[in-house]
């Protein structure tokens, strides 16, 4: 049922975008006295429509082929591919009889509406929610690389300070298009030594396969938050609030260190040095064959900074976000065209409208 609801929401959302896009062409044409014959959501291939009506000389309807929509403008070859009307001399109400600047406005009106809509949406979201982010300078323990990050040469504790030579202000920039579209250079501080690590152009494919968590995550200390009933952790006596300080006498500070040592001792018994209520206790525990004990960990809460904007100051911020979204898509398409990103990884729906 949830899947059907999501599909319905997707269709409804795309339908609104299509209608607004085509409305741009429609109203621009009408403004210049150009006759509009049809306004359709979806295509009425072979003149088959699910619904239609006529109003003031325009046929409005819903087609059966859900691949976009169109407006049929007199004197213009469009999605309907109706060439019969072009055989006669140009008429004053036809597209082809209008000056070039008017024809250009009509053709660009659809995408202009989409751009304005995008700016408006980002503007309103910025007014309502502001911007929340993790300051990169507050990431005191560095990052933990996953499978993808380790393949690039990143190590636990690394601090990424810049991308392509530009200082990183927000940690979220490291999991944004700046990095994930690939062909970027990371400046890394590792034990006070500066290294450069190259991110290949095909990293997006890896992220699509494994998930963003297998690129990088924040490094964090941890404690036991809850214990799974019937698990090895419960049998061993672990409790909420316990802080594991060592495994088999090997000191640990961060959760990634705990995971590494536990996975190295699958199906074995280990000795846990646990801090509980300011006291150290020794707890023997058996690791499962999957390399787990059976508890949920609670990490450090990251520092969150928030910026609020006024009605006017949020406009350039929203416009910048809309432009960033547009350029990211353009870069993504270029990566697909050059084969760096697989098409089935990049597109989850229509990318253009007529």
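In this note's numbering, the protein residues as written are 397 to 750.
Using N, Cα and C, we set each Cβ at its ideal position, and we do this for glycine too.
Keep in mind the model is a prediction, meaning the values are calculated, not measured.
query, result
"Distance between beta carbons of residue 542 and residue 555, contact taken as under 8 Å", "Actually they are not in contact, since the Cβ atoms of residue 555 and residue 542 sit about 17 Å apart, beyond 8 Å."
"Residues bridged to residue 647 (per DSSP)", "642"
"Those runs of the alpha helix (DSSP H) which lie wholly inside the stretch 540 to 594 and span at least 4 residues", "543 to 548 and 573 to 576"
"Check whether residue 665 and residue 682 have beta carbons under 7 Å apart", "yes"
"Beta-ladder partner(s) of residue 680, from DSSP", "667"
"Backbone secondary structure at residue 502 - three-state DSSP", "helix"
"Residues near residue 534 in its chain [Cβ-Cβ closer than 6 Å; skip 5 each side]", "699"
"Inter-residue spacing [alpha-carbon to alpha-carbon] between residue 431 and residue 407", "29 Å"
"Residue of 689, 720 and 412 minimising C-alpha distance to residue 509", "412"
"Simplified DSSP state of residue 528, which is helix, strand or coil", "strand"
"Bounding residues of the beta strand (DSSP E) (the contiguous stretch that carries residue 619)", "618 to 623"
"Same chain, Cβ closer than 8 Å to residue 658, neighbours up to 5 away in sequence not counted", "643, 666, 683, 687, 688 and 689"
"Beta-carbon proximity check, residue 696 vs residue 616, cutoff 7 Å", "yes"
"First through last residue of the alpha helix (DSSP H) which encompasses residue 613", "Taken as a continuous stretch (DSSP letters only), residue 613 belongs to no alpha helix (DSSP H), being part of the beta strand (DSSP E) at 612 to 614."
"Three CB pairs or more closer than 8 Å across the stretch 454 to 473 and the stretch 418 to 437", "yes"
"Beta-bridge pairing of residue 672 - partner residues as DSSP gives them", "675"
"For residue 350: DSSP bridge partner residues", "Because residue 350 is not part of the residues shown, which for the chain are 397 to 750, the question remains open."
"Integer Cβ distance of residue 621 from residue 693, believed to fall under 8 Å", "6 Å"
"Limits of the beta strand (DSSP E) - the one that residue 469 falls within", "461 to 469"
"Cβ distance (whole Å) where residue 548 is taken to contact residue 593 below 8 Å", "6 Å"
"CA-to-CA distance, residue 730 to residue 652, given in whole angstroms", "36 Å"
"Distance between residue 661 and residue 600 (C-alpha atoms, nearest Å)", "33 Å"
"Contact between the stretch 514 to 529 and the stretch 709 to 722 (3+ Cβ pairs under 8 Å)", "yes"
"Supposed contact pair residue 564 and residue 532 - C-beta distance, whole angstroms, cut 8 Å", "5 Å"
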